[in-house]
Amino acid sequence: MAGNGPICVSVINMKGGVGKTTIAALLARHAAEKLNLKVLAVDLDPQANLSQALMGSSAYKQFIDNRAPSIVEVFEGYMPPTPSNPSPNPLDVGDVIQRILANLHVIPSRFDFSNHLVNSIGTNQRVLAQLIANNFQDRDLVVIDCAPTESIFTQAAYHASRYILVPVKPEFLATIGFPLLDRSLETFRNANPGQAIDVIGVVINDTSDYQAYSTPEKNRALAEIIEESEKDGWYLFANWLKYSRGFPKMMRGDFNSPGHAPHIFSRFAEEFFERLT
Ligand SMILES: Nc1ncnc2c1ncn2[C@@H]1O[C@H](COP(=O)(O)OP(=O)(O)OP(=O)(O)O)[C@@H](O)[C@H]1O
Ligand SMILES: [Mg+2]
């Protein structure tokens, strides 16, 4: 990919369960495996779903048991004293990343995002951007998975990001988060006029089984998504992600009988990377 350093993309929607983590995990894997890019995935959600999806649950459990550094230590800026090491220690960037493939690493998250942490990073929301600037210039792509609620971590993601990808689910109140995100980005741009940050697009992701849904409801939601995307000037990806039981499997790295999901995802990913470059 052209340019200096990685292109950083945050996956954001202030609505839960729309497929942010699924798409972040699959985009990171697609870029590494299909496009041979060097990829860093960053888990900014205390639910740590991206970490578990990419690492697998047993490796993730091991990581927690080992008290290995996570995004929490990245924001704190050091390793706290432990029974076996009585001193606060400098953070080694090599220890912060977990290897998934030779060209795919993840900075994992963990559940305890305490108020204290939120307060301490209040003074430096640029820690993640600085980490990428100083240590990950050899990467082609950084994919950041965000929590569904706006917080200081959303701001940290903005500082690091050139683009925001917005997954949306065709459901009642599908676009309730769009104006929030639009306003939040506008406020960020005004405060950081030196930074280019844009919504690369909205991707429709149907995480609900067709049968569980009434079609008129879905159609209303789709019309609303089209209208709201236009209103905000956001590109709507032509390739939707349809419901498939293969997605939860692939997200966990299980590629045994994933059905149509790989094909569905690849079409979106091709459109995504075409827009990115
Ligand atoms: N296209 C799809 N088809 C079927 N299931 C899907 C699809 N996309 C996502 N899912 C499933 O829907 C659930 C929610 O997806 P995911 O965790 O990616 O959403 P999220 O936006 O990251 O949620 P949160 O807001 O809690 O972080 C997961 O169980 C995931 O496996
Ligand atoms: Mg998620």
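Note that the sequence shown covers residues -8 to 268 in my numbering. Note that CB positions come from ideal geometry on N, CA and C, so glycine has one too.
Given residue i as reference, the closest of the options once Cα atoms are compared
| i | options | result |
| --- | --- | --- |
| L41 | S175, Y149, V118 and I98 | I98 |
| M5 | P249, L164 and L95 | L164 |
| F228 | S235, D56, D86 and I216 | I216 |
| A16 | N247, K240, D56 and E265 | K240 |
| R101 | F246, L95, D34 and P249 | D34 |
| A120 | T206, L156 and L31 | L31 |
| G68 | S48, D189, V87 and L26 | V87 |
| E24 | L82, G244, E218 and S248 | G244 |
| V0 | S220, T73 and V133 | V133 |
| K222 | K209, F169, L45 and E177 | F169 |
| N210 | E162, A124 and D36 | E162 |
| E208 | P139, A59 and K160 | K160 |
| G85 | P77, P60 and L92 | P60 |
| I123 | N(-5), R58, R266 and A252 | N(-5) |
| A138 | P37, N57, R20 and N247 | P37 |
6 Å Cβ shell around residue i - same chain, five flanking residues per side excluded
| i | result |
| --- | --- |
| I12 | Note that residue 12 corresponds to Thr in the displayed sequence, not to Ile. Within the same chain, T12 has close Cβ partners N40, L41 and D136. |
| G10 | P158, N196 and T198 |
| R258 | N230 |
| Q256 | Looking at the sequence itself, residue 256 is Phe, so the reference to Gln does not match. Closer than 6 Å at Cβ, skipping near neighbours: L17. |
| F263 | none |
| I155 | S1, I3 and V190 |
| D173 | D223 |
| F144 | L35 |
| W225 | V190 and V193 |
Start and end residues, beta strand (DSSP E) containing residue i
| i | result |
| --- | --- |
| G192 | D189 to I195 |
| Y154 | Y154 to V159 |
| H96 | L95 to I98 |
| D136 | L132 to D136 |
| S1 | I(-2) to V2 |
| L82 | L82 -> no beta strand (DSSP E), and no H or E assigned at all. |
| I91 | Q89 to L92 |
Endpoints, the alpha helix (DSSP H) within which residue i is located
| i | result |
| --- | --- |
| A32 | A32 -> not in any alpha helix (DSSP H); beta strand (DSSP E) instead, spanning V30 to D34. |
| Q116 | Counting along the chain, Q116 falls outside any alpha helix (DSSP H), and DSSP gives it neither H nor E. |
| N181 | F169 to A182 |
| H21 | K11 to E24 |
| M242 | G237 to M242 |
Buried/exposed call for residue i, threshold 16 Cβ in 10 Å
| i | result |
| --- | --- |
| A182 | exposed |
| E64 | buried |
| S152 | buried |
| S49 | exposed |
| N75 | Correcting the residue type first, residue 75 is Ser in the shown sequence and not Asn. Counting Cβ neighbours within 10 Å, S75 comes out exposed, since fewer than 16 surround it. |
| T268 | exposed |
| K52 | exposed |
| G45 | Residue 45 is actually Leu in this sequence, not Gly. With 16 or more other Cβ atoms within 10 Å, it is buried. |
| T178 | exposed |
| A260 | buried |
| D131 | buried |
| F54 | buried |
| T206 | exposed |
Other residues of its chain near residue i: CB distance less than 7 Å, five sequence neighbours each side excluded
| i | result |
| --- | --- |
| N167 | The identity of residue 167 in the sequence shown is Ile, whereas the question assumes Asn. The answer, listed in chain order, is K6. |
| P249 | G237, K240 and M241 |
| P71 | P79 |
| N126 | V84 |
Cβ-based neighbour list, residue i, same chain, cut-off 8 Å, excluding 5 preceding and 5 following
| i | result |
| --- | --- |
| Y234 | D197, T198, S199, D200 and Y201 |
| A(-7) | Bear in mind that the predicted position of A(-7) carries a pLDDT of just 48, short of 50, making it unreliable; the figure below should be weighed with that in mind. The answer, listed in chain order, is T268. |
| H96 | V30, L31, A32, I88, Q89 and R90 |
| V118 | V65, F66, G68, I112 and A147 |
| H251 | K233, S235 and G237 |
Under 5 Å, CB to nearest heavy atom of ligand 2: contacting residues:
K11, T12 and N40
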